[in-house]
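Everything in the sequence shown is counted per the numbering used here, starting at 68 for the first residue and increasing by one.
The structure appears below as structure tokens.
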Amino acid sequence: KSKQNEKWSIFKLTFFRKEGQDSSFYFATAGESADEQRNKWVDEIIQVLSNLTLSLFPNFELSVDPVPGRVATSTRIMAGYLLQGGMNDRASLVFC
Numbered sequence: 068k069s070k071q072n073e074k075w076s077i078f079k080l081t082f083f084r085k086e087g088q089d090s091s092f093y094f095a096t097a098g099e100s101a102d103e104q105r106n107k108w109v110d111e112i113i114q115v116l117s118n119l120t121l122s123l124f125p126n127f128e129l130s131v132d133p134v135p136g137r138v139a140t141s142t143r144i145m146a147g148y149l150l151q152g153g154m155n156d157r158a159s160l161v162f163c
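Structure (structure tokens):
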């Protein structure tokens, strides 16, 4: 089979930035199992990014109940951690 007729499967990974220009990277697999290989790559990237994201948070449980003795918490809807994008491609973990 010639290279011209070889099957390709492509995906794009984009890094969205708060400031500046976003960056996109294109990846391709080729051959009879191009789709399966691409799907495996995508699944593994998703798993790595998920594990990285989870590693940034301490163990916690979302809370919807007020904290006894803390009047300011009596009207909140929910409390927990938020990963917030910041300047210079930095992220901050805040409790709100």
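Positions of the beta carbon are idealized from the N, C-alpha and C atoms, including for glycine.
Bear in mind that the values here come from a model prediction, so they are computed numbers and not experimental data.
*Going by beta carbon distance, what residues of the same chain come within less than 6 Å of F92, once the five residues before and after it are set aside?*
L80
*asked:* With distance defined between alpha-carbon atoms, name the residue in A95, S122, G153, L121 nearest to F83.
replied: G153
*Within the same chain, show all residues whose beta-carbon is closer than 8 Å to that of F127, passing over the 5 residues directly before and after it, in chain order.*
G147, Y148
_Other residues of its chain near T140: CB distance less than 6 Å, five sequence neighbours each side excluded_ = P133, V134.
*Going straight from the alpha carbon of G98 to that of E73, what length do you get?*
6 Å
*Measuring alpha carbon to alpha carbon, tell me which of L116, E86, N118, N106 ends up nearest F94.*
The candidate whose alpha carbon is nearest that of F94 is N106.
*Leaving out five residues on either side along the sequence, give the residues of the same chain with a beta carbon under 8 Å from the beta carbon of L129.*
Excluding residues within five positions, the ones whose Cβ falls inside 8 Å are M145, A146, G147.
*asked:* Measuring alpha carbon to alpha carbon, tell me which residue in F78, N155, R143 is nearest F162.
replied: R143
_Nearest candidate by alpha-carbon position, reference K85, set V109, N155, E103_ = N155
_Beta-bridge partners of A158, as assigned by DSSP_ = DSSP output for A158 lists G152 as bridge partner(s).
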